[in-house]
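**Q** Structure below; questions to follow.
There are 2 protein chains.
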Amino acid sequence: MVTRKEDFSKWYLQTIQQADLMDYAPVRGCMIFRPNGYEIWEHIKEAFDARFKEVGIRNAYFPMLIPEHFFSKEADHIEGFAPELPWVTEAAGEELEEKLALRPTSETIIGDAFSRWINSYRDLPMEINQWANVFRWEKRTLPFLRTSEFLWQEGHTVHATAEEAQARTMWALNVYKEVIQETLAMPVFMGEKTPSERFAGAERTFSVEAMMQDGKSVQAGTSHYMGTRFAEAFDIKYLNKENQHVHAFTTSFGVSTRLIGSLIMVHSDDQGLVLPPALAPQQVVFIPVGPWQKNPEIIEKIDELFNQLKDKGIRAVVDDSDKRPGNKFNEWELRGAPLRVEIGPRDLENNQVIIKARDLEDKVEVEFDQFENYILEELATMQKRLFDRAKEMYDENTHYDINTMEDLEKHIAKCQDENKPTGYVLVGWDGTEESEAKIQELTGFTTRNIPFSGTVTPKETCIITGKPAVETVWIARAY
Amino acid sequence: MVTRKEDFSKWYLQTIQQADLMDYAPVRGCMIFRPNGYEIWEHIKEAFDARFKEVGIRNAYFPMLIPEHFFSKEADHIEGFAPELPWVTEAAGEELEEKLALRPTSETIIGDAFSRWINSYRDLPMEINQWANVFRWEKRTLPFLRTSEFLWQEGHTVHATAEEAQARTMWALNVYKEVIQETLAMPVFMGEKTPSERFAGAERTFSVEAMMQDGKSVQAGTSHYMGTRFAEAFDIKYLNKENQHVHAFTTSFGVSTRLIGSLIMVHSDDQGLVLPPALAPQQVVFIPVGPWQKNPEIIEKIDELFNQLKDKGIRAVVDDSDKRPGNKFNEWELRGAPLRVEIGPRDLENNQVIIKARDLEDKVEVEFDQFENYILEELATMQKRLFDRAKEMYDENTHYDINTMEDLEKHIAKCQDENKPTGYVLVGWDGTEESEAKIQELTGFTTRNIPFSGTVTPKETCIITGKPAVETVWIARAY
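In order, the protein sequence lines correspond to chains V and D.
Quick note, the first sequence lines up with residues 101 to 579 if you use my numbering.
Quick note, the second sequence lines up with residues 101 to 579 if you use my numbering.
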């Protein structure tokens with residue numbers, strides 16, 4: 101078993117495989133989401149889906165295959181996505197007249213549909229969401245974090261005014277922050293992407309970014325304001341109240357199964373997976389101990405406690421397999437079950453169970469009549485505890501006081517010496533693409549996002565040129 | 101507006117478009133599931149998903165792209181699916197070394213994974229389900245019923261014994277029947293497919309089939325017992341308790357978005373969509389009438405009643421757009437909202453609403469204090485009423501007393517004369533492929549399934565050859 105300190109990448113790959121979250125696929129860069137991995141995604145979906153539906157964003161499904169000529173309608177869009185597209189060129193034994201891309205995102209095909217469905221101001225806003233598989237044929241792949249096929253949610257909305265569209269863009273970003281913090285227990289950096297990091301075709305792109313335990317960043321969710329650019333490319337017009345045909349304003353926003361990868365890189369430890377209870381496929385695992393096979397009352401008691409939890413909507417499981425308890429403890433630690441409940445003959449006599457939280461060292465004795473309450477409270481406490489621990493890591497590795505390249509290089513050298521994460525650094529930036537490229541060239545750090553004004557103290561000078569800073573921006577190494 | 105009697109196909113296409121269920125896609129044979137169409141699918145999913153999870157069948161996700169050589173492992177399987185496959189041949193600007201099929205079904209890629217995941221009897225049963233998009237490049241397409249891309253559920257299970265696998269096959273078939281009857285309000289014909297109609301690679305295939313209002317059949321769900329055929333092709337072996345490596349027994353079963361198409365062909369009428377309340381995106385629509393814009397109390401009252409229903413989990417919607425009530429009535433009839441609630445100034449005075457069920461002629465006055473109960477009861481009653489009406493149609497067009505080709509030809513001629521559905525006919529069959537092909541050649545009827553013994557009176561002679569019948573089989577024209 102390799103540890104995080106020894107080799108973070110190897111540790112990650114080992115952790116997700118030992119927890120039965122995934123398996124490799126026969127096709128390069130694709131992966132299998134095994135039930136334990138997929139169920140995490142199901143709980144993530146539930147959290148977002150409920151929030152979308154609450155405000156009237158409805159699910160729909162658009163074709164996965166997109167004709168080649170669709171991509172040429174928005175110049176930046178094709179430039180951004182063309183290099184990564186897989187193409188269907190033949191079907192049912194015949195070559196196709198026009199080749200078809202596997203969707204990398206659906207702005208084009210949805211924009212085309214919107215142009216038919218929207219006629220008057222009465223049709224606005226039109227707000228849909230799609231849960232789907234998408235494809236980006238990446239060179240370097242990493243399970244969950246960067247795969248040729250992944251699963252995601254893409255929201256697409258159309259509005260009568262720029263203000264409304266912008267408000268929806270910010271609303272989606274806030275929903276991302278809320279769910280990622282509350283359900284995934286991950287603190288995030290929120291802000292606007294620099295122009296070079298914008299979504300291909302967007303006017304403005306915003307992101308939430310999360311810090312992994314190795315200090316690197318994962319872009320966890322993005323929300324885009326398109327202005328009228330896609331509306332112009334796809335002819336999305338509506339008749340306003342003044343009887344004029346005008347272009348509408350559009351947005352899109354998405355999160356993907358890379359959230360699962362970041363979840364693991366934030367919370368798990370050298371003993372395997374650690375999962376926030378809100379997302380854990382098995383929140384509580386019962387393991388009978390001692391000579392339990394000779395004491396049927398033990399399994400009876402477990403069944404009783406199991407049913408108590410089930411009635412409360414808690415996902416519990418009983419491991420009554422014929423393995424040794426020690427092996428079971430180990431397996432369920434690898435899988436990240438938040439709470440382990442042990443019962444043996446002596447516990448039964450004492451009217452108690454032994455409970456071990458996945459993220460704590462000590463075991464606790466809990467009497468039967470306090471069992472249900474204890475579990476409910478401890479699941480909530482653990483959810484908070486994981487967030488707090490992640491926030492501590494985040495705070496420790498967030499650096500506000502680095503102002504020159506000399507400082508930054510010193511910081512990097514020090515981290516390397518001490519085998520510590522380089523983390524996030526807040527720097528001044530003169531707003532030029534040259535300086536942005538220079539940062540990456542010199543340090544491997546990339547701009548993550550520009551925090552919203554008022555959330556940080558602005559920097560005065562650009563870390564590269566020493567000129568007055570136009571923006572203050574988070575930089576970090578990233579997945 | 102064309103009617104069902106005038107032109108059933110045209111009526112169907114008109115009905116699904118006017119209800120905003122779908123739109124055509126820029127790619128031949130593909131379609132867009134608009135929110136009203138997709139939400140029906142979401143409710144269908146919920147019904148099946150809950151039943152699968154209850155017995156421990158867990159969701160997973162496997163790659164959509166399947167390498168060409170995978171298909172050659174099971175001879176019948178490739179023969180069955182090869183003619184309909186679309187292929188990815190290039191990606192990211194380069195030609196692929198091996199071309200990749202868009203999955204038509206996932207037995208191959210899942211079988212390959214099972215062979216890695218299953219080692220011992222302790223790993224069995226292994227039972228997973230996948231909700232996914234699949235592709236079959238069909239020549240003739242019809243929205244929902246036959247499209248190049250569709251959405252479906254595919255269950256795949258592995259068992260230690262043939263008995264267990266067979267039991268799961270029958271369990272799945274029964275779940276299909278139950279959900280289709282209870283939630284979709286559609287009576288079904290249940291039975292086994294003839295050998296020529298089996299799933300490519302299966303040992304036995306069972307189906308539930310539904311009768312449309314034009315008397316044609318739709319295969320609504322299929323459940324397959326594979327024996328050890330896929331286990332042999334993909335090397336799915338386990339170490340049994342006697343320490344021997346033996347092949348496991350597998351099953352698969354699926355229902356797809358064609359259920360939406362059949363739902364519409366069973367229940368809808370010449371005024372548009374009719375939906376069972378259990379699946380309707382909007383179960384109740386409130387429409388203010390009279391000079392309601394001058395009486396703010398009307399909308400206040402509607403909000404109050406709306407919230408009452410919302411608390412009970414009923415999907416209600418308020419249409420307070422600036423269209424005329426008559427237009428709204430018409431639109432919501434086209435969309436198939438089960439219950440329409442009207443309130444005008446006089447109703448408010450009388451402490452009542454006017455309620456119109458989509459499938460009944462008369463309106464009913466209901467007092468405010470009985471409103472909630474009335475709605476709850478009427479939704480349940482309507483669900484049952486739609487099933488009963490569909491069952492009546494099913495009974496009327498099911499024919500048990502046709503024993504010779506002469507009888508059958510007479511029946512068909514009579515139906516044609518009277519513009520009536522030809523429906524389902526129970527016939528004797530000598531069990532040969534020749535006779536089966538002859539039935540189709542002479543009448544356009546195909547074998548649907550062989551009802552389980554005891555559910556019908558067996559036929560004595562084959563309708564084609566007059567020889568002793570080996571099987572008694574349902575035949576019908578089919579989509």
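Note that CB positions come from ideal geometry on N, CA and C, so glycine has one too.
Note that the structure is predicted; figures quoted are calculated from it, not measured.
Taking the alpha-carbon positions, what's the A457(V) to A380(V) distance?
**A** Rounded to the nearest whole angstrom, the CA to CA distance from A457(V) to A380(V) is 13 Å.
**Q** Which residue marks the beginning of the beta strand (DSSP E) containing K514(V), and which one marks its end?
**A** Counting along the chain, K514(V) falls outside any beta strand (DSSP E), though it belongs to the alpha helix (DSSP H) covering 505–518.
**Q** State the start and end residues of the unbroken alpha helix (DSSP H) segment that holds D459(V).
**A** Unbroken run through D459(V): none, as it is neither H nor E.
**Q** For a test of the three-state rule: what should DSSP assign to V366(V), helix, strand or coil?
**A** helix
**Q** So is V188(V) in contact with chain D if we call contact Cβ pairs under 9 Å?
**A** yes
**Q** So who's on the other strand from E292(V), going by DSSP bridges?
**A** F306(V), I550(V)
**Q** Taking the alpha-carbon positions, what's the L69(V) to F353(D) distance?
**A** The question about residue 69(V) has no answer here: the residues shown for chain V are numbered 101 through 579.
**Q** So that I know if they touch, is there some Cβ in chain D lying closer than 9 Å to that of I144(V)?
**A** no
**Q** Which of helix, strand or coil does DSSP assign to K423(V)?
**A** coil
**Q** Tell me which residues share the same chain as Y474(D) and place their Cβ nearer than 6 Å to its Cβ, disregarding the 5 neighbours each side in the sequence.
**A** V466
**Q** Please report the straight-line C-alpha distance between Y124(D) and M131(D), rounded to a whole angstrom.
**A** 5 Å
**Q** So, does the segment 543–550 of chain D touch the segment 253–261 of chain D, judging by three or more C-beta pairs under 8 Å?
**A** Counting Cβ pairs under 8 Å, fewer than three are found: no touch.
**Q** Going by the CB atoms, is the gap between G129(V) and E238(V) shorter than 9 Å?
**A** By the CB criterion at 9 Å, E238(V) and G129(V) fall inside the cutoff.
**Q** Got a sec, what are the start and stop residues for the beta strand (DSSP E) I414(V) sits in?
**A** Taken as a continuous stretch (DSSP letters only), I414(V) belongs to no beta strand (DSSP E), as it is neither H nor E.
**Q** According to DSSP, is Q470(D) part of a helix, a strand, or is it coil?
**A** helix
**Q** Counting contacts by CB-CB distance shorter than 9 Å, is I132(V) in contact with chain D?
**A** yes
**Q** Applying the criterion that 16 or more other CB atoms from any shown protein chain within 10 Å of the CB defines a buried residue, is G155(V) buried or exposed?
**A** Checking the sequence, you will find Val at residue 155(V) rather than Gly. The residue is exposed, with fewer than 16 neighbouring Cβ atoms inside 10 Å.
**Q** Note down, in chain order, every chain V residue with its Cβ under 7 Å from the Cβ of S421(D).
**A** R222
**Q** Short of 6 Å in beta carbon distance, which residues of its chain neighbour L375(D), apart from the five on each side in sequence? Order them along the chain.
**A** Close CB contacts of L375(D) within its chain, under the 6 Å cut and outside five residues either way in sequence, are with G436 (chain order).
**Q** Is it the case that the Cβ atoms of I364(V) and A320(V) are separated by a distance below 9 Å?
**A** The answer is no: Cβ separation not under 9 Å.
**Q** Would you mind reading off the limits of the beta strand (DSSP E) that contains Y138(D)?
**A** From DSSP, Y138(D) is part of no beta strand (DSSP E) but of the alpha helix (DSSP H) over 135–154.
**Q** Going along the chain, which residues of its own chain have a beta-carbon closer than 7 Å to the beta-carbon of W111(V), five neighbours each way excluded?
**A** V102, T103, R104
**Q** Please list the residues of the segment 159–174 of chain V that have a C-beta atom closer than 8 Å to any C-beta atom in chain D, keeping them in chain order.
**A** N159, A160, Y161, F162, P163, M164, L165, I166, P167, F170
**Q** Could you run through the segment 326–359 of chain V and flag, in chain order, every residue whose CB is less than 7 Å away from some CB of chain D?
**A** none
**Q** In terms of alpha-carbon separation, which member of E433(D), S362(D), S535(D), L439(D) lies closest to V578(D)?
**A** At residue 578(D) the sequence reads Ala, which differs from the Val that was named. Distance from the Cα of A578(D) is smallest, within the candidate group E433(D), S362(D), S535(D), L439(D), for S362(D).
**Q** For D403(D), which three-state DSSP category applies?
**A** helix
**Q** Quickly, what does DSSP pair G354(V) with across the bridge? List them, please.
**A** E254(V), T322(V)
**Q** Rounded to the nearest angstrom, what separates T522(V) and R358(V) at their Cα positions?
**A** 22 Å
**Q** Is the CB-CB distance between I581(D) and G531(D) below 9 Å?
**A** In this structure chain D extends from 101 to 579, so residue 581(D) is not present and cannot be described.
**Q** For G79(V), which three-state DSSP category applies?
**A** The requested residue 79(V) does not occur in the structure, where chain V is confined to residues 101 to 579.
**Q** Determine which residues of the segment 110–131 of chain D have a Cβ less than 8 Å from any Cβ of chain V, and write them out in chain order.
**A** D123, A125, P126, V127, C130, M131
**Q** Do the CB positions of N233(D) and A232(V) come within less than 9 Å of each other?
**A** yes
**Q** Does the CB of S215(D) have a neighbour CB from chain V at under 9 Å?
**A** no
**Q** Name, going along the chain, the residues of the segment 225–246 of chain D whose beta-carbon falls closer than 7 Å to a beta-carbon of chain V.
**A** So the list reads I228, N233, W237, given in the order they occur along the chain.
**Q** Which residue comes first and which comes last in the alpha helix (DSSP H) that contains V275(D)?
**A** 262–282
**Q** When the Cα atoms are used, what is the spatial distance from L479(D) to V366(D)?
**A** 18 Å
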